[in-house]
Each structure stands twice: as C-alpha cells, then as structure tokens.
Amino acid sequence: MIYENIRNLREDNGKTQKELADYLNVKQTTYSKYELGKINIPVEVFIKLADYYGVSVDYLLGRTKKK
11 MIYENIRNLR EDNGKTQKEL ADYLNVKQTT YSKYELGKIN IPVEVFIKLA
61 DYYGVSVDYL LGRTKKK
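Heads up: the sequence shown runs through residues 11 to 77, numbered per the numbering used here.
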C-alpha cells in the first residue's frame with residue numbers, strides 16, 4: 011500500500027474513512043482511493059491530514075519514520 015501511514019494513523023485514532031472524508035470535504039469512496047493509492051492526493055489534502063494528526067507531510071508520504 012502506497013500510503014500505509016495515512017491508513018495506520020486513521021485506524022490508530024479510531025476514525026472511520028467517512029469521518030476523514032467529511033473532514034476533508036470529499037466522498038468516502040474518494041478517501042478510500044487516497045489510502046489505496048488509486049488516485050493522487052492533492053497537496054492541500056496532505057497538509058490538512060498532517061495538521062489533523064499533528065505529523066509531518068514527509069511522515070504521511072513514508073519519507074521518514076519520525077512523526
């Protein structure tokens with residue numbers, strides 16, 4: 011999975027895909043495709059997710075293990 015950290019953070023925080031989709035103002039199916047790497051995640055979405063979880067965008071991208 012390309013964006014494993016995004017899925018792991020969601021699950022670790024007890025959130026559903028629907029909750030995150032609502033936060034990002036996208037459909038649940040779109041959010042699911044983000045997690046699976048089926049569609050590109052816009053930069054703005056990466057920034058919102060990083061702010062939401064209090065982690066770096068590099069962590070979300072899997073470029074570092076340091077949150």
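Every residue gets a Cβ at the ideal spot worked out from N, C-alpha and C, and that includes glycine.
Cβ-heavy atom distance, residue i to the ligand NAD, below 6 angstroms
| i | result |
| --- | --- |
| residue 68 | For the structure depicted, the ligand NAD is absent and the ligand set is empty, with no information on it obtainable. |
For residue i, three-class secondary structure by DSSP
| i | result |
| --- | --- |
| residue 40 | helix |
| residue 12 | coil |
| residue 20 | helix |
Nonlocal neighbours in the same chain, by C-beta distance under 7 angstroms from residue i, ignoring five residues either side
| i | result |
| --- | --- |
| residue 67 | 56, 57 and 60 |
Close Cβ partners of residue i (< 6 angstroms) along its chain, the five nearest in sequence each way excluded
| i | result |
| --- | --- |
| residue 28 | 38 |
Spatial neighbours of residue i in its chain, beta-carbon cut-off 8 angstroms, leaving aside the 5 residues before and after
| i | result |
| --- | --- |
| residue 75 | 69 |
| residue 22 | none |
Burial state of residue i (16 or more Cβ within 10 Å)
| i | result |
| --- | --- |
| residue 33 | exposed |
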